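When we follow the numbering used here, the leftmost residue of the sequence shown carries the number 31, and every step to the right adds one. Working notes, beginning with the structure itself.
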Amino acid sequence: MSFDDIFDASFRRVQVPSGKRVSFFEAFYRNFLMSSPQVRVLFRNTDMAVQRRMLKKSFFSLVSFYASGTVDDVLRKTAEMHSARQLNIDPYLYDLWLECLIDTVRE
Ligand code: HEM
Numbered sequence: 031m032s033f034d035d036i037f038d039a040s041f042r043r044v045q046v047p048s049g050k051r052v053s054f055f056e057a058f059y060r061n062f063l064m065s066s067p068q069v070r071v072l073f074r075n076t077d078m079a080v081q082r083r084m085l086k087k088s089f090f091s092l093v094s095f096y097a098s099g100t101v102d103d104v105l106r107k108t109a110e111m112h113s114a115r116q117l118n119i120d121p122y123l124y125d126l127w128l129e130c131l132i133d134t135v136r137e
């Protein structure tokens with residue numbers, strides 16, 4: 031099995047709704063918001079239902095970047111938006127983001 035196949039199978043599995051378990055992206059944002067007051071401040075005015083859909087859509091761009099090294103328009107816009115010129119997301123928050131993502135997969 032190639033890395034791509036393993037990723038695809040895993041991504042499909044985590045998105046299968048199961049009983050009363052919340053969706054993958056909902057669980058991810060719960061974990062992420064719990065992880066730091068800084069994160070809660072940044073999302074204090076955010077409609078999290080919209081945010082979950084945006085992240086889900088941008089995941090495709092992240093995966094294709096990993097697979098091919100190509101930066102598409104979605105990823106370019108996301109990077110610009112998170113940069114020091116706009117949201118000014120502190121780099122350490124990306125480590126936290128990734129840790130929360132891995133924890134959510136594990137759960
Ligand atoms: C690779 C990791 C990340 C991806 C793929 C990502 C993706 C996105 C996307 C797609 C949006 C919506 C953009 C739009 O409205 O057009 C967004 C908005 C946002 N992201 Fe991220 N993000 C990442 C990391 C982070 C981190 C580490 C933080 C830090 C807390 C963060 C905070 C925010 C905030 C505050 C917004 C704006 C929310 C609003 O509109 O109120 N993001 N992100």
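Heads up, the beta-carbon is just placed ideally off N, CA and C, and yes, glycines get one too. None of these values were measured; they are calculated from a predicted model.
Closest residue to residue i among the options (Cα-Cα distance)
| i | options | result |
| --- | --- | --- |
| Leu-72 | Arg-83, Glu-56, Thr-134, Gln-116 | Gln-116 |
| Gln-127 | Ser-48, Phe-58, Ser-40 | A small fix is needed here, since residue 127 is Trp in this sequence, not Gln. For Trp-127, the nearest C-alpha among the options comes from Phe-58. |
| Arg-42 | Arg-60, Asn-75, Lys-86, Val-80 | Lys-86 |
| Tyr-122 | Ser-66, Val-135, Asp-35, Ser-98 | Ser-66 |
| Asp-35 | Ala-97, Glu-129, Cys-130 | Ala-97 |
| Arg-136 | Met-31, Lys-50, Asn-61, Gly-49 | Asn-61 |
| Cys-130 | Val-52, Pro-47, Met-64, Thr-100 | Met-64 |
| Ala-79 | Val-52, Val-101, Asp-102 | Val-52 |
| Ser-88 | Thr-76, Asn-75, Asp-77, Asp-102 | Asp-102 |
| Ile-119 | Ser-48, Asp-133, Arg-70, Lys-50 | Arg-70 |
| Lys-107 | Ser-48, Met-84, Tyr-124 | Met-84 |
Inter-residue CB distance, residue i and residue j (contact presumed, cutoff 8 Å)
| i | j | result |
| --- | --- | --- |
| Val-104 | Ser-113 | Between Ser-113 and Val-104 the Cβ distance is about 15 Å, and since that is not below 8 Å, they are no contact. |
Under 8 Å between C-beta atoms of residue i and residue j
| i | j | result |
| --- | --- | --- |
| Phe-54 | Gln-68 | no |
| Val-93 | Phe-37 | yes |
| Arg-82 | Glu-56 | yes |
Inset, instruction - Could you tell me which uninterrupted alpha helix (DSSP H) segments, each at least 4 residues in length, are contained entirely in the segment 52 to 105, listed from first to last along the chain? - result: Within the segment 52 to 105, the complete alpha helix (DSSP H) runs of at least 4 residues are 54 to 65, 67 to 72, 78 to 98.
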